[in-house]
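Asks:
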Amino acid sequence: MRNGCSVIATECWEMPKDSYDYTELQRQIHDDLRIQHPDWIQPNGDCPSCDSYELRFAELLARTQRSNAVRMVNSHSR
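This is the structure:
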């Protein structure tokens, strides 16, 4: 990433100036997936692909939080 622009992406996007809390980030991902992929949404409004992405995000975030907690404990015990 250079100057707030994704090097790989074809469009430039700015990093948000305010940090998101988990709930805001989850809502943003939820909304953006549905905007970017309307073809994933079933006639009844369900979106299994979106749900899968959201679940994976939650799993990765939980794993990262556990990993950071272990690192903090280890750094304090030295």
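Just add 466 to the spot in the sequence shown (first one is 1) and you have the numbering used here. Don't be surprised by glycine CBs; every beta carbon is placed ideally from N, CA and C.
Give every residue of the same chain whose Cβ lies closer than 6 angstroms to the Cβ of N469, excluding the five residues on either side of it in the sequence, and list them in chain order.
Replies: As a first step, residue 469 must be located in the sequence shown, where it is residue number 3. Because N469 carries a pLDDT of 47, less than 50, the predicted location of this residue cannot be relied on, and the following value inherits that uncertainty. For N469, where only same-chain residues beyond five positions count, there are no Cβ hits under 6 angstroms.
Asks: Under the three-state reduction of DSSP, which class applies to P509: helix, strand or coil?
Replies: What you label residue 509 is simply residue 43 of the sequence shown in a count that begins at 1. Coil at P509, not helix or strand.
Asks: Ignore the nearest five residues each way along the sequence and tell me which others in W506's own chain have a CB closer than 7 angstroms to its CB.
Replies: Mapped onto the sequence shown, residue 506 falls at position 40. Result list for W506: C513, S515, C516, in chain order.
Asks: Since F523 contacts I495 with CB under 8 angstroms, what's their CB separation in whole angstroms?
Replies: By 1-based counting over the sequence shown, the position of residue 523 is 57. By 1-based counting over the sequence shown, the position of residue 495 is 29. F523 to I495, Cβ: 6 angstroms. Contact.
Asks: Using a 10 Å radius around the Cβ and a threshold of 16 neighbouring Cβ atoms, would you call L499 buried or exposed?
Replies: As a working mapping, residue 499 is identified with position 33 in the sequence shown. Buried, by the Cβ-count rule.
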